[in-house]
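Visitor:
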Amino acid sequence: MSIDTKAKVKIGNLSRGGKARTMEAKAADDHDTQWSSVLVPFGILNTHNDQLSIYLGQSAETSDFIVDCLTAWWHENQHNYLELDEWVIDLDGGAATRSNRTQFIKRMVELSCAINLKIRLIYYPPYHSKYNPIERCWAALENYWNGAILDSVAAAAQWAANMTWKGIAPIVHLVQTTYHKGIKVLSQELEQYQPQWQRSETLPKWDITIVPV
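Numbering (this note's numbering), first residue to last: 10 to 222.
1) By DSSP, does R110 sit in helix, in strand, or in coil?
2) Assuming the contact rule is C-beta atoms closer than 8 Å, L61 and L54 should be a hit. Round their C-beta distance to whole Å, please.
3) Do you know offhand how far G102's Cα is from I192's?
4) List the DSSP bridge partners of L65.
5) Where does Y136 land, buried or exposed, given buried means 16+ other C-beta within 10 angstroms?
6) Which word fits L93, buried or exposed, when buried means at least 16 other C-beta atoms lie within 10 angstroms of its C-beta?
7) Between the Cα of S209 and the Cα atoms of W174, R129 and T187, which residue gives the shortest distance?
8) Quick one: Cα of L183 to Cα of R145, how far?
9) Less than 7 Å separating the beta-carbons of I75 and A105?
10) With a Cβ-Cβ cutoff of 7 Å, do V181 and I63 count as a contact?
11) Do L150 and M172 come within 7 Å of each other at the CB atom, strictly closer than that value?
12) Of the residues Y153, S138, T80 and P134, which one's Cα is nearest the Cα of L120?
13) Mind checking whether the beta-carbon of I158 lies closer than 6 Å to any heavy atom of the ligand GTP?
14) Less than 7 Å between C-beta atoms, sequence neighbours within five positions excluded: which residues of the same chain meet that for W83?
15) For the beta strand (DSSP E) that contains T80, what are its first and last residues?
16) Got a sec? Which residues, its chain only, sit under 7 Å from V97 by beta carbon, not counting five neighbours each side?
17) Return helix, strand or coil for M32, following the three-state DSSP convention.
18) Judging by CA-CA distance, which residue of L159, S161 and W168 is the nearest neighbour of Y153?
19) Apply the 10 Å Cβ neighbour rule to T14 and answer buried if 16 or more other Cβ atoms are within range, or exposed otherwise.
20) So, S108 versus I12, is the Cβ gap smaller than 7 Å?
And the structure:
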């Protein structure tokens, strides 16, 4: 699968600079100085069947948010992969998913152990994340809803659900949990997770295999 977060989306009566197929121009604020909330879109593209899942967070982009979304996706789809030996995830080295992010290491090792499945993380190096397949999904979404006024969370979710990727509508989830930034794992605690966090000898920063206990 391919994963990534999209740029945060401000919710309000805001001009988005796109075009809409309407007889009259939509009336929107031309200065985005006030908005009601901000959405954090996180996407999971199943490259096996081109099914896109979009999780709309309403607080912060954190390691916990991302791993919670991955966990939810797995529980919804595991019945399709009963014979899977390894779960391969393409991603970039964002702040919440860096291969040295202590909370991400902890949560991903815990996920691997909980589902008893080897997980392999394949990172795109800096300035190469544009090759991550899900980036094209975000481009399609941006093109689809750019002319819309996303004045509520429900409106944004509806627009996201109505776009298509390769003829398939995405599965959209609203995430209500509040996530807090700055959570770190102390070095003493992190030691217990390091044996399962196995770095490639040739590409230690960009190729990680997580082995369940």
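From the three backbone atoms N, C-alpha and C, an ideal C-beta is built for every residue, glycine too.
Guide: According to the structure shown:
1) Shown here, R110 sits in coil according to DSSP, grouped into three states, outside any helix or strand.
2) 5 Å
3) 18 Å
4) In DSSP, L65 forms a bridge with P50 and L183.
5) exposed
6) exposed
7) R129
8) 22 Å
9) yes
10) If you check the CB distance, V181 and I63 come in under 7 Å.
11) yes
12) Answer by Cα proximity: T80.
13) The ligand content of the structure shown is nil, which means the ligand GTP is not present either.
14) I124
15) Here T80 belongs to no beta strand (DSSP E); instead the alpha helix (DSSP H) covers S72 to N86.
16) Excluding residues up to 5 positions away in sequence, R129 and I131 lie with their Cβ nearer than 7 Å to the Cβ of V97 in the same chain.
17) Since pLDDT at M32 reaches only 47, below the 50 mark, its modelled position is unreliable, and no value is offered.
18) W168
19) buried
20) With contacts defined as CB atoms closer than 7 Å, S108 and I12 fail to qualify as a contacting pair.
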